[in-house]
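Protein chains in written order, with my numbering: chain H, 24 to 349; chain Z, 24 to 349. First up is the structure itself, then whatever we jot down about it.
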DNA sequence: GTAATTTATGTAAGCGCTTTCATTTGGGTT
DNA sequence: AACCCAAATGAAAGCGCTTACATAAATTAC
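The structure is reproduced here in structure tokens:
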């Protein structure tokens, strides 16, 4: 920058202004400075800029997993949307480990970002402290519940589980089961399982079988199906915590000669692309993935542009996509 | 930090040392300082630290897409591995747009990261300039080719395409086709298509049909299948640029009553989890996804620990996974 | 033409750390 | 006890910018 200032024959301050707030500098100087800095290939040092200025153009976003297509999709969307406004995403991933989340949140906060976005509502005490003592807007996304730390944008997983149960009950299903991936770690899937259990029990007086799969991949869907059938042979409908598990179960059903939905009804969750393409096409529950990404970006941008904008706590709801497996 | 220094009754320098290089400070002072900073909840300001020190603990990684499970997997792996060494990933995503890549690279470079990792070998002139003028190690991953900018770790997509063609030719296939997603933008898929075309033509004197799909999702696999069959009805084998497309085609084949591999042979690419679970199970080509992530991390860490470590240019090769669709 | 504004530029004080260099302290040696 | 050397600590100089604040230049008002 010093170089640019010298060549352009102006002071450091003027260069900074020409680059940062072009309207504050006279047109002729501005063009000269821009020309010189381009010619010299000057690239401002963000770090210095951020130290001197108040904030970084960084938005910290923390998700449990990058390979989960929901979060990947939300992140991709947010990246693009924020980038257009000059913000840069700092992405963290903790693999459903709240201690790791704690460390990541602390690390992110130490860059004093413009905003912090975390996934879910379950955090350690320290995470909560770091989050609430950071000066920026904080949004907890994907889960809806009472009293978010600052803003909350998501939907109720419990309600999603209940929706599935109600749907099964309405179809006159007597014995149902729920298959969830890593129910011990993924509290969102656990909330769906619990909502399902409660509502199905309430509606039919039957306590549904809950089975935990070790991951969210297809193979596990197949083996979970076998386990369900082993433990509760008369099961006529299974709700899965993810479409991939459901599809895996469909493949397995195909192999063991079970017809769907005749012998067994299957309900997915996620409405991934694959759900529209299987034979038969998968009936599933769609979380508001795109709406979440958009709402988060919109809200954060609003807060950043008008700091007195109040926090929000949005429930975006889920939707049952009726296709052919139930 | 000033606060901590005052309370502990030492100078700023000592606090900094106690936290940064504990072995340089006497045990009793060290424990006192650590205790005080914990009690005060002191969180160092990374930005100031980086400005004063030489480098940030940031590693910039730029991929075309976050929703592509390869990149997502590599990123997840790299995040975990680097995190263990105290580095933090800065993830960028450009959607196969080299101009966007240019902007992202520039933005990342301005944080002067410890290393920069980009995907592929196709970059704009400016990207190349920024990359080579940045003081840190640069690795181009996923593609192998001559003379990387600095280090290169990947495999040859062209060779992967040739492998598919050779395999088909050996099976005695007369009329083959290749279906690739967004061949106009994804130069890796294009390289595979081109390798396939060249080798199949060379081996059988038959110019295979090349069809472009609009995205890498299942639905497109189905419609691409219809297009292939429309344009070249006698096609007996199709290679796809991705497993999802291949699976989509399998679903469609099922719908139109085509038996696989009897009527039509299908070869995927990626060896995603789903490939092991379809009926029949998908024969596919597996790129060295995990090996790439590991090799990148290992190499970068080496370079960072011993700056005189030479660059590398690794070809990790691909593997044909023989299953039931060919 | 001068005074009062407004606008454009320059000066210099940090931002919160790290690190060099100088100084002090605490053991060993003789 | 005097001396030397290594280890521990402190003082202070930046790191490369931004931004009050001060100053100069250009307008406008009278």
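Just so you know, even glycine gets a beta-carbon here, dropped at the ideal spot from N, CA and C. In this text, all values refer to a predicted model and were calculated from it rather than measured experimentally.
| message | List, in chain order, every chain Z residue whose beta-carbon is nearer than 8 angstroms to that of residue 73(H). | response | 70
| With 9 angstroms set as the bound, which would you pick, yes or no: does the beta-carbon of residue 302(H) sit closer than that to a beta-carbon of chain Z? | yes
| message | Suppose contacts are defined by Cβ-Cβ distances below 9 angstroms. Is residue 252(H) in contact with residue 349(H) by that definition? | response | no
| task | Measure the Cβ-Cβ separation of residue 281(Z) and residue 311(Z) and say whether it is below 9 angstroms. | result | no
| task | Give the straight-line distance between the Cα atoms of residue 173(Z) and residue 83(H), rounded to the nearest whole angstrom. | result | 30 angstroms
| field | Residue environment, residue 294(Z), which counts as buried when at least 16 other CB atoms sit within 10 Å | value | buried
| request: Quick one: residues in its chain with C-beta nearer than 8 angstroms to the C-beta of residue 209(Z), no 5 flanking neighbours on either side, listed in chain order? | output: 87, 119, 203, 264
| field | C-beta neighbour in chain Z for residue 255(H), strict 9 angstroms | value | no
| request: Output yes or no for whether 9 angstroms exceeds the beta carbon distance between residue 211(H) and residue 237(H). | output: no
| query | Can you list, in chain order, the residues of its chain whose CB lies under 6 angstroms from that of residue 138(H), leaving out five sequence neighbours each side? | reply | 82, 159, 160, 323
| message | Report the CB separation of residue 357(H) from residue 42(H) in whole angstroms; it is logged as a contact under 8 angstroms. | response | Because chain H is modelled from 24 through 349, residue 357(H) falls outside the range shown and cannot be assessed.
| Per DSSP, residue 296(Z) is paired with what? | Paired residue(s): none; residue 296(Z) is not in a bridge.
| request: Please name the residue, chosen from 200(H), 205(H), 235(H), 95(H), that lies closest to residue 221(H) on a Cα-to-Cα basis. | output: 200(H)
| How big is the Cα-Cα spacing for residue 112(Z) and residue 225(Z)? | 44 angstroms
| request: Taking all protein chains shown into account, decide if residue 35(H) is buried (16 or more other Cβ within 10 angstroms of its Cβ) or exposed. | output: exposed
| query | Between 330(Z), 278(Z), 230(Z), which lies nearest to residue 249(Z) when the distance is taken from Cα to Cα? | reply | 278(Z)
| With DSSP run on the structure shown, which of helix, strand or coil describes residue 285(H)? | coil
| task | Kindly identify the DSSP beta-bridge partner or partners of residue 174(Z). | result | 162(Z)
| query | Taking C-alpha atoms, which residue in 198(H), 45(H), 272(H), 178(H) lies nearest to residue 308(H)? | reply | 178(H)
| query | Would a check of beta-carbon distances place residue 165(Z) closer than 9 angstroms to chain H? | reply | no
| field | Uninterrupted alpha helix (DSSP H) stretches inside the region 297 to 339 of chain Z (no shorter than 4 residues) | value | 312 to 328
| said: What residue range does the beta strand (DSSP E) around residue 24(H) cover? | reply: Neither: residue 24(H) is in no beta strand (DSSP E) and is coded neither H nor E.
| query | What distance in whole Å lies between the Cβ atoms of residue 229(Z) and residue 187(Z), which are believed to be in contact at a cut-off of 8 angstroms? | reply | About 14 angstroms separates the two Cβ atoms, so there is no contact after all.
| task | Ignore the nearest five residues each way along the sequence and tell me which others in residue 205(H)'s own chain have a CB closer than 8 angstroms to its CB. | result | 119, 212, 235, 236, 237, 238, 239
| What three-state label does DSSP hand residue 254(Z) in the structure shown? | helix
| query | Straight-line CA distance for residue 313(H) to residue 94(H)? | reply | 10 angstroms
| request: May I have the straight-line CA-CA distance separating residue 315(Z) from residue 143(Z), to the nearest angstrom? | output: 12 angstroms
| What residue does the beta strand (DSSP E) around residue 342(H) start on, and which one ends it? | 342 to 344
| task | Could you check if residue 195(H) is buried or exposed, using at least 16 other CB atoms within 10 Å of its CB as the buried criterion? | result | exposed
| Where does residue 142(H) sit, in a helix, a strand or coil, going by DSSP? | strand
| Chain-order list of residues whose beta-carbon lies under 8 angstroms from that of residue 231(Z) (same chain, five-residue window excluded) | 188, 198, 199, 200, 201, 219, 220, 223, 224
| Touch test, the region 323 to 336 of chain H against the region 125 to 141 of chain H, Cβ-Cβ under 8 angstroms, three pairs minimum | yes
| Limits of the alpha helix (DSSP H) - the one that residue 127(Z) falls within | 121 to 132
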